[in-house]
Amino acid sequence: SADTPSLEKKRKKKLTKSAAVENSTIYTNESGLKVIGYDKKNDYFFEFLMSFMNLDENDIYDGYNDFNPSLSNEKYYIQRNDVKNTPINGKELLLRPKTSIVGAGYSNNNNKYSQFVELQNEIPNIGKTKNNQNSMSQNIKKMEQDIYLMLQNSIKLAQEGDITEAISKSEETYRKNKQFNNYKEEFNKDEMINDDIGFMVELNRATLYARNNMHQKALNIYQSIIKMKNSKNTMRIGKIRMNMGNVYYKLGQYGKALKLYKMAMDQIPNGYVSIRMKILHNIGIVQVRLSNYTEASNTFENIMLEKPNFSDAANLIVCYSHLNKISNIQDTFRNMLNIDLEITESDFYRNLKEDPKKNVIYDAIKNDCLSVYERKIQAEAEKCIKFTIQLISSLIDPNSNKGYEWCIQQVKSSNYREMSTDLDIDKAINFLKVEEIDKAIDILKSFELEGDSKEEFPNAIKYANIALEHDKYNPYALVNKANTTFQNGNYEQAREMYQEAINNDSTCTEALFNCGEFNLYEHNCVNFSSFFKNFMMQERINSRMTVLWLHRKKMIMENFLPRRLPF
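Residue numbering for the sequence shown follows full-length UniProt numbering, beginning at 1 and increasing consecutively.
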């Protein structure tokens with residue numbers, strides 16, 4: 001029943017069909033209260049309570065507890081989901097005609113499933129995008145490796161001395177690197193651009209141009225490197241400015257070179273002592289070129305205090321010689337002789353030298369990179385010492401040899417005492433140049449009999465025969481075989497071997513020397529002069545050998561010396 005609970009308790013009247021109005025049926029109870037309506041057209045029920053209640057006149061309290069449903073705002077609708085609601089009066093409202101608010105044409109934005117369709121289309125592309133990114137990264141890495149290999153080939157060609165081919169390779173590397181950068185910019189991979197590769201490529205080009213005397217191109221590239229994105233790296237910029245200073249130095253523009261060296265010095269941190277000392281060395285050299293000897297001496301003094309070396313010590317002595325500071329020259333020379341080359345021969349190598357059985361191992365390892373480097377710096381040190389002695393010996397005492405004697409005494413009391421013999425030979429040569437033969441002979445007498453004479457003649461004969469079996473036309477093998485023959489007393493056979501060596505190679509100074517020895521002993525001055533002229537014409541002439549030969553000539557002619565083993 002659709003009646004309210006209070007009405008149902010009081011009356012419990014049955015509903016009866018009251019009327020039919022416009023496809024609707026109204027059901028009421030006996031008191032005339034309209035309760036439920038049914039709309040046939042639209043097929044839905046509605047509750048419509050509207051009437052007055054019929055009160056009992058004898059009950060004065062009758063009706064106080066009743067509730068008038070017309071005062072309620074609640075309306076209950078029983079509605080089917082597929083039926084559109086209509087107003088209560090049964091009339092449809094006239095809606096405003098629809099107008100378009102978007103442009104004409106097809107659009108799928110109105111489709112409520114469109115967002116799911118778009119997501120469904122994007123799901124398969126997620127893996128494809130990831131694969132594309134991986135392949136792009138692999139391509140970038142491969143291109144970087146190719147550029148590195150091309151750069152290494154260019155550097156290797158430059159080390160081998162093929163500058164033209166190295167420049168061509170560097171240009172090819174530059175074009176490859178440019179294509180590489182364009183490829184990354186095309187795919188918005190600017191963050192993956194490696195500035196180090198571009199820096200190395202440009203630096204290699206500029207260095208090769210400078211070595212090939214293409215100075216203007218080198219300067220332009222150096223300037224472009226300074227303007228690169230990584231120009232905030234002061235260490236790199238300092239090195240670039242140092243290279244630019246070197247180019248200007250080659251061009252003879254010492255003022256610009258000095259300016260760039262000082263700028264580089266300001267940009268190199270104090271912790272990089274080695275690089276700062278190299279820049280200071282360049283500054284001192286430029287100051288010497290500009291005849292600023294006082295400033296140059298101050299620069300080289302700073303280097304000697306921080307990191308002493310033979311080259312800068314010699315340059316400092318040159319500056320003092322121009323300033324005529326003799327006491328400073330002597331002090332600097334002593335400091336030069338106190339420089340430690342840090343070359344120590346370990347017990348392992350010393351034992352290899354002393355043990356004849358292991359001497360083969362020493363011969364195999366004595367020409368490795370470290371040994372070559374040690375010999376190089378040792379030769380440079382000896383060169384600087386000899387140059388300094390020749391420079392300052394006349395400044396210390398211009399009228400006598402006291403300056404040279406002082407230098408030799410300083411060398412003998414230092415760690416480079418082994419050089420004293422060579423200095424004595426140089427002194428004897430200087431006496432020969434001024435035709436003071438007696439003084440030269442006095443010097444040479446001190447080491448006439450020096451040398452190792454282990455007298456291992458059986459081994460000498462053995463290896464001389466092996467050398468001749470390998471190459472019987474080799475002049476040096478013939479000389480060695482002739483020496484062993486001479487030692488056994490077969491003088492004429494030795495002379496024939498020396499002559500055969502000269503016939504095979506007319507520039508063999510050893511054979512010429514020994515043939516001259518034969519003629520000296522036999523007082524055959526005509527043949528001796530002929531051999532001596534040929535000997536002096538050779539490019540490989542040894543000044544020490546010449547001095548010894550002249551000394552022996554004088555002594556043999558005076559019958560002071562017996563026949564000895566030839567060279």
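Ideal placement from N, C-alpha and C gives every residue a C-beta, glycine not left out.
* To do: Under 7 Å Cβ to Cβ from residue 453, same chain only, skipping five residues before and after it: list those, please.
  => Reliability fails at residue 453, whose pLDDT of 49 lies under 50, so the model's placement of it is uncertain and no value is given.
* Asked: Alpha carbon to alpha carbon, what distance is there between residue 377 and residue 186?
  -> C-alpha of residue 186 to C-alpha of residue 377: approximately 52 Å in a straight line.
* Asked: Under three-state DSSP, which class holds residue 343?
  -> coil
* **Contact belief for residue 329 with residue 392 at Cβ below 8 Å, rounded distance in angstroms** => Contact between residue 329 and residue 392 is confirmed by a C-beta separation of about 5 Å, below the 8 Å threshold.
* Asked: Buried or exposed: where does residue 565 fall if 16 or more other Cβ atoms within 10 Å of its Cβ makes it buried?
  -> Reliability fails at residue 565, whose pLDDT of 39 lies under 50, so the model's placement of it is uncertain and the value that follows must be treated cautiously. Residue burial annotation: residue 565 is exposed, with fewer than 16 other C-beta atoms found within 10 angstroms of its C-beta.
* Asked: Which of the three DSSP states, helix, strand or coil, is assigned to residue 138?
  -> helix
* residue 142: which of 184, 280, 500, 440 sits nearest, CA to CA? -> Taking only the C-alpha atoms, the option nearest residue 142 is 184.
* To do: Compare the C-alpha of residue 457 against each of 431, 471, 488 and name the closest.
  => 488
* Asked: Just reading off the alpha helix (DSSP H) that residue 458 is part of, what are its end residues?
  -> Residue 458 -> alpha helix (DSSP H) spans 457-470.
* residue 235, buried or exposed, once every other Cβ within 10 Å from all chains shown has been counted against 16 -> An exposed status is given to residue 235, since fewer than 16 other beta-carbon atoms sit within 10 Å of its beta-carbon.
* Asked: If you scan the stretch 352-431 from start to end, which runs of the alpha helix (DSSP H) of 4 or more residues do you find wholly inside it?
  -> 359-365, 369-396, 402-412
* **Classification of residue 232 by the beta-carbon crowding that lies within 10 angstroms, buried from 16 upward** => exposed
* alpha helix (DSSP H) segment containing residue 272, residue limits -> Premise fails: residue 272 is in no alpha helix (DSSP H) and is neither H nor E.
* To do: Assign residue 294 to one of two classes, buried (16 or more other C-beta atoms within 10 Å of its C-beta) or exposed (fewer than that).
  => exposed
* To do: For the alpha helix (DSSP H) containing residue 220, list its first residue and its last residue.
  => Residue 220 -> alpha helix (DSSP H) spans 215-226.
* Indicate the three-state DSSP secondary structure (helix, strand or coil) for residue 473 in the structure shown. => coil
* Go ahead and label residue 312 buried or exposed: buried means 16 or more other beta carbons lie within 10 angstroms of its beta carbon, across all protein chains shown. => buried
* Which of helix, strand or coil DSSP assigns to residue 327 -> helix
* Asked: Hey, out of 506, 279, 290, whose CA is closest to residue 302's CA?
  -> Selected option, being the one with the closest Cα: 279.
* State buried or exposed for residue 204, treating a residue as buried only when at least 16 other CB atoms are found within 10 Å of its CB. => buried
* Determine, using beta carbons only, whether residue 575 and residue 517 come nearer to each other than 7 Å. => A query on residue 575 cannot be resolved here, the shown segment of the chain reaching from 1 to 567 and no further.
* Mind checking residue 271: buried by the 16 CB within 10 Å criterion, or exposed? -> Counting of Cβ neighbours within 10 angstroms places residue 271 among the exposed residues, the total staying below 16.
* How many angstroms separate the CA atom of residue 220 from the CA atom of residue 310? -> Roughly 35 Å between the two C-alpha positions.
* Asked: Is DSSP giving residue 287 helix, strand or coil here?
  -> helix
* Determine whether the Cβ of residue 197 lies closer than 7 Å to any Cβ atom of chain B. => Any reference to chain B falls outside this structure, which holds one protein chain only.
* Leaving out the 5 sequence neighbours to the left and right, which residues in its chain are closer than 6 Å to residue 495 when beta-carbon positions are compared? -> 518
* Closest Cα partner of residue 196 within the set 223, 207, 179, 228 -> 228
* Along the chain, where does the alpha helix (DSSP H) that runs through residue 238 open and close? -> Start and end: 234-250.
* Closer than 8 Å by C-beta to residue 502: which residues in its own chain qualify, once you throw out the five before and the five after it? Chain order, please. => 475, 508, 511, 512, 515
* To do: Go ahead and pull the three-state DSSP assignment for residue 181.
  => helix
* Asked: Under a Cβ-count criterion, where at least 16 other Cβ atoms within 10 Å of its own Cβ denotes burial, should residue 297 be classed as buried or exposed?
  -> When all chains shown are included, residue 297 counts as buried.
* At a cut of 8 Å, does the stretch 174-184 reach the stretch 143-159 through at least three beta carbon pairs? -> yes
* To do: Could you spell out the range, first to last residue, of the alpha helix (DSSP H) harbouring residue 442?
  => 437-445
* Under a three-way DSSP split, which group does residue 159 fall into? -> helix
* Is the CB-CB distance between residue 261 and residue 282 below 7 Å? -> yes
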